[in-house]
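What follows is a single structure, written as structure tokens, with notes after it.
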Amino acid sequence: PQGLSGARLQPLCVRSLSLTSSRNALESPPARADSTFKVTMVPGDGVGPELMTAVKEVFKAGDVPVEFEEFHLSEVQNMASEEKLNEVLGSMKNNRVAIKGKIHTPMEYKGELASYEMRLRRKLDLFANVVHVNSLPGYSTRHNNLDLVIIREQTEGEYSSLEHESVAGVVECLKIITREKSRRIAKFAFDYATKKGRSKVTAVHKANIMKLGDGLFLQSCAEVAELYPKIKYENIIIDNCCMQLVQNPYQFDVLVMPNLYGNIIDNLAAGLVGGAGVVPGESYSAEYAVFETGARHPFAQAVGRNIANPTAMLLSAANMLLVLSPQNQCVSVCVSLCVCVSQVRTRDLGGYSTTGDFVRAVVANLRHRPVY
Amino acid sequence: MAGNAWRSTVSRVMGAVKSQTQPRTFSRGMQTVTIIPGDGIGPEISSAVIKIFEAAKVPIQWEERNVTAIKGPGGKWMIPPEAKESMDKSKIGLKGPLKTPIAAGHPSMNLLLRKTFDLYANVRPCVSIEGYKTPYTDVDLVTIRENTEGEYSGIEHVIVDGVVQSIKLITEDASRRIAEYAFEYARNNQRASVTAVHKANIMRMSDGLFLRKCREVAENFKDVKFTEMYLDTVCLNMVQDPTKFDVLVMPNLYGDILSDLCAGLIGGLGVTPSGNIGANGVAIFESVHGTAPDIAGKDMANPTALLLSAVMMLRHMGLHGHAKKIETACFDTIRDKKVLTKDLGGNSKCSEFTAEICRRVQDME
Numbered sequence: 056p057q058g059l060s061g062a063r064l065q066p067l068c069v070r071s072l073s074l075t076s077s078r079n080a081l082e083s084p085p086a087r088a089d090s091t092f093k094v095t096m097v098p099g100d101g102v103g104p105e106l107m108t109a110v111k112e113v114f115k116a117g118d119v120p121v122e123f124e125e126f127h128l129s130e131v132q133n134m135a136s137e138e139k140l141n142e143v144l145g146s147m148k149n150n151r152v153a154i155k156g157k158i159h160t161p162m163e164y165k166g167e168l169a170s171y172e173m174r175l176r177r178k179l180d181l182f183a184n185v186v187h188v189n190s191l192p193g194y195s196t197r198h199n200n201l202d203l204v205i206i207r208e209q210t211e212g213e214y215s216s217l218e219h220e221s222v223a224g225v226v227e228c229l230k231i232i233t234r235e236k237s238r239r240i241a242k243f244a245f246d247y248a249t250k251k252g253r254s255k256v257t258a259v260h261k262a263n264i265m266k267l268g269d270g271l272f273l274q275s276c277a278e279v280a281e282l283y284p285k286i287k288y289e290n291i292i293i294d295n296c297c298m299q300l301v302q303n304p305y306q307f308d309v310l311v312m313p314n315l316y317g318n319i320i321d322n323l324a325a326g327l328v329g330g331a332g333v334v335p336g337e338s339y340s341a342e343y344a345v346f347e348t349g350a351r352h353p354f355a356q357a358v359g360r361n362i363a364n365p366t367a368m369l370l371s372a373a374n375m376l377l378v379l380s381p382q383n384q385c386v387s388v389c390v391s392l393c394v395c396v397s398q399v400r401t402r403d404l405g406g407y408s409t410t411g412d413f414v415r416a417v418v419a420n421l422r423h424r425p426v427y
Numbered sequence: 320m321a322g323n324a325w326r327s328t329v330s331r332v333m334g335a336v337k338s339q340t341q342p343r344t345f346s347r348g349m350q351t352v353t354i355i356p357g358d359g360i361g362p363e364i365s366s367a368v369i370k371i372f373e374a375a376k377v378p379i380q381w382e383e384r385n386v387t388a389i390k391g392p393g394g395k396w397m398i399p400p401e402a403k404e405s406m407d408k409s410k411i412g413l414k415g416p417l418k419t420p421i422a423a424g425h426p427s428m429n430l431l432l433r434k435t436f437d438l439y440a441n442v443r444p445c446v447s448i449e450g451y452k453t454p455y456t457d458v459d460l461v462t463i464r465e466n467t468e469g470e471y472s473g474i475e476h477v478i479v480d481g482v483v484q485s486i487k488l489i490t491e492d493a494s495r496r497i498a499e500y501a502f503e504y505a506r507n508n509q510r511a512s513v514t515a516v517h518k519a520n521i522m523r524m525s526d527g528l529f530l531r532k533c534r535e536v537a538e539n540f541k542d543v544k545f546t547e548m549y550l551d552t553v554c555l556n557m558v559q560d561p562t563k564f565d566v567l568v569m570p571n572l573y574g575d576i577l578s579d580l581c582a583g584l585i586g587g588l589g590v591t592p593s594g595n596i597g598a599n600g601v602a603i604f605e606s607v608h609g610t611a612p613d614i615a616g617k618d619m620a621n622p623t624a625l626l627l628s629a630v631m632m633l634r635h636m637g638l639h640g641h642a643k644k645i646e647t648a649c650f651d652t653i654r655d656k657k658v659l660t661k662d663l664g665g666n667s668k669c670s671e672f673t674a675e676i677c678r679r680v681q682d683m684e
């Protein structure tokens, strides 16, 4: 971990370091005189709003100079429209950084094949989704001390939203793979690995069956790998990858893959360290960064019951702070978080604490932090 | 005991499979079974199974056939006609691993076999093996995967240089057929619930169609509970608590991934059996691991997967006594831990492992 020394709990935050300072493409938002950062916030559906409240409370307690611009965009709550979407995009263009919950995609086919979540991704060209799979200190699962990074291409592949019923009773769904986007995500993965000092990148594919599609993806990864001789490059077939993840996840370091496999592996890996409530993630484009949870679920059955685990969202918010202003605030937030995780357990981790309990514990910790 | 649960499960599985095929009278003589040894370690483990069956005096006559893709009239890839003939006659097959070259070349042999015999259902019961410990205990689920269409249609095009499209095909008929099989299976094996796994929120038309068919079929099977779950939710929950799942039914790609995931939970492909059910009474049982070219010919392979699939086959044929004998011998050997192949944690050779099982089988006489 660069720069920050101290409790070994801190690396949890540092490892999740976004790459603003080191990626030429993404520059930090301009520092203001009063150094308050404006961040777009889209609470989304399900427990999203509750998690956003948690973030706001923790930030307030930590005296974090961030101002949130909230937009309520939701497909299931009938709060979705072109204007709303454009408002969000406009706000993003100014602020460049956002934090969001999951915008739930209803299953009913209302005439629009692409969900709002997908459209947001495409319009902002958030091509890279990075999920940090780190074991929580103090919480043991079947596989401890995990440290994986999962990089997923999230604008093409199986989520092309190109479907049609060619003959009655026969539906075709197109999966699109392009060399350009495959190269782009591969380069992102190798850049990331280089900057973070990771040793290996593994491409996940199914090129033995989808010879042209995934074959192209694999070829692109191999081509990019040659430009990074210091990083080891391997590839593995998706079904074998899933099997290896449950038997021996330690053999992996950074994983890069197309859209659908990314969805599967994100969730699988999140399950390995404790579930959707503990894994942070973010999405990047060349100009924007959106912070969210790693495994994206609205978790509608928890709404109003105060049981959702805010850890993932809070960790992601801490990562966002690192992007905005790498100062001590992030450290404090992080440390408080980590300490709390080992003591205050929400339902998903086997405890009985509520979301509120957890947030209060973090806030209390923050208030008593040493002032630098 | 997980071992007994495993055995009773397998017998239930095979009871179900059997009841769905037309009644056949097996002659009191030898029953012919087509055996396809396969590539890599295939020949070694096939001969191991044949040896064990001999030791158990199973009334089976093996007809060995090879399947290498050949170009038929009209330029279409197909399996050799001798292999097809043999399978059509015997209706039962046992298959070792077949090589699938990556990226270009002829289509996967496994896919070809499936298309030829319309093997529409892949059934993989995953039950924790007593004596072979993994971090996941008490796993007892069955994955039923639609095996003919979906993402593995093999239809791909290069639109322009650098842009490729792969077509995923979902049809009403195939979806209905696999859903019906899943529910019948659940009913015949006293399984409580069937869960449809899908991604209909993203692939609204295709997976939406699959899901609709499952829902329709569920209406006719009110005694079996029907639930639906997103693929990512299933993955998330499966690795945290696999005991929550019972019978899972899904389209091709998800089935491929999930069935391998579940195999990983119980110990890997080296110990997982699998059966493929076809539309006209054909059933091919296979080991689902790869050809393992790195250990081929070195007498290091583990024949357990092929053996357990062969046991599934025996039950399908009604030879329950022999099935039980061989299965017990196999499990006892694994539980004993004295003679285990490398992947099971020991350092015995394949031939030694096989000999040990043969010995146990003969001792049971």
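Chains as they are written, first to last, in the working numbering: chain H, 56 to 427; chain A, 320 to 684.
C-beta: ideal position from N, C-alpha, C; glycine also.
For the beta strand (DSSP E) containing residue i, name the first residue and the last one.
i	result
Met524(A)	Counting along the chain, Met524(A) falls outside any beta strand (DSSP E), and DSSP gives it neither H nor E.
Met265(A)	Here chain A comprises residues numbered 320 to 684, so residue 265(A) is not present and cannot be evaluated.
Lys287(H)	287 to 292
Asn133(H)	No beta strand (DSSP E) contains Asn133(H), which DSSP labels as neither H nor E.
Met312(H)	309 to 312
Gly101(H)	Premise fails: Gly101(H) is in no beta strand (DSSP E) and is neither H nor E.
Phe123(H)	121 to 125
Gly349(H)	Taken as a continuous stretch (DSSP letters only), Gly349(H) belongs to no beta strand (DSSP E), as it is neither H nor E.
Lys414(A)	411 to 414
Phe690(A)	With chain A represented from 320 up to 684, any question about residue 690(A) goes unanswered, as that position is not in the structure.
Near residue i, what residues of its chain come up, given a Cβ to Cβ distance below 8 Å and the 5 sequence neighbours on each side ignored?
i	result
Thr249(H)	Tyr283, Lys285, Ile286
Lys255(H)	Ala248, Ile286, Lys287, Tyr288, Glu289, Phe307, Asp308, Val309
Less than 6 Å between C-beta atoms, sequence neighbours within five positions excluded: which residues of the same chain meet that for residue i?
i	result
Thr610(A)	Asp358, Gly359, Pro416, Lys418
Ala367(H)	Gly332, Val333, Val334, Pro335, Thr348
Leu375(A)	The sequence shown places Ala at residue 375(A), rather than the Leu named in the question. Counting only Cβ-Cβ distances below 6 Å, and skipping sequence neighbours, we find His641, Lys644, Ile645, Val680.
Gly597(A)	Phe436, Asp437, Leu438
For residue i, which residues does DSSP report across the bridge?
i	result
Val686(A)	What the structure shows of chain A is the stretch from 320 to 684, and residue 686(A) is not part of that stretch, so it cannot be assessed.
Cys228(H)	Glu218(H), Lys487(A)
Leu460(A)	Cys445(A)
Ser667(A)	Thr660(A)
Gln350(A)	Ile379(A)
Met397(A)	Ile389(A)
Please classify residue i as buried or exposed, where buried requires at least 16 neighbouring CB atoms within 10 angstroms.
i	result
Pro592(A)	buried
Ile389(A)	exposed
Arg422(H)	exposed
Gln484(A)	buried
Thr91(H)	exposed
Val143(H)	buried
Lys115(H)	exposed
Lys266(H)	buried
Glu538(A)	exposed
Met349(A)	exposed
Ala344(H)	buried
Asp294(H)	buried
Quick one: residues in its chain with C-beta nearer than 7 Å to the C-beta of residue i, no 5 flanking neighbours on either side, listed in chain order?
i	result
Asp412(H)	Val399
Asn12(H)	Since the first residue shown for chain H is 56 and the last is 427, residue 12(H) is missing from the structure and cannot be characterised.
Phe272(H)	Ile232, Ser237, His260, Pro313
Val279(H)	Arg238, Ala241, Lys242, Phe245
Pro161(H)	Glu130, Val131
Leu128(H)	Val97, Met134, Ala135, Lys139, Leu140, Val143, Ile158, Tyr171
So, does the CB of residue i fall closer than 8 Å to a CB anywhere in chain C?
i	result
Asp575(A)	No chain C appears in this structure, whose protein chains are H and A.
Just to confirm the assignment, what range does the alpha helix (DSSP H) spanning residue i have?
i	result
Glu646(A)	639 to 655
Glu363(A)	361 to 374
Three or more beta-carbon pairs under 8 Å between the region 599 to 607 of chain A and the region 319 to 338 of chain H, yes or no? no
Closer than 8 Å is the cut-off here; do at least three beta carbon pairs connect the region 656 to 673 of chain A with the region 396 to 410 of chain A? The answer is no - the region 396 to 410 of chain A does not touch the region 656 to 673 of chain A, with fewer than three Cβ pairs under 8 Å.
Within the chosen definition, does the region 612 to 631 of chain A reach the region 664 to 673 of chain A through at least 3 CB pairs nearer than 8 Å? yes
Do three or more CB pairs link the region 447 to 461 of chain A to the region 474 to 481 of chain A at distances below 8 Å? At 8 Å Cβ cutoff, the stretches do not touch.
Pairing CB atoms from the region 189 to 205 of chain H with CB atoms from the region 150 to 162 of chain H, are three or more of them under 8 Å? no
Is the region 501 to 519 of chain A in contact with the region 539 to 556 of chain A, if contact means three or more CB pairs nearer than 8 Å? Yes, since at least three Cβ pairs between the region 501 to 519 of chain A and the region 539 to 556 of chain A fall closer than 8 Å, the two stretches touch.
Is there contact here, the region 455 to 467 of chain A with the region 577 to 584 of chain A, by at least three beta-carbon pairs under 8 Å? yes
Could you tell me whether the region 518 to 537 of chain A touches the region 557 to 564 of chain A, using the rule of 3 or more Cβ pairs below 8 Å? no
The region 622 to 637 of chain A / the region 359 to 368 of chain A touching (three or more Cβ pairs under 8 Å): Because the criterion of three Cβ pairs below 8 Å is met, the region 622 to 637 of chain A and the region 359 to 368 of chain A touch.
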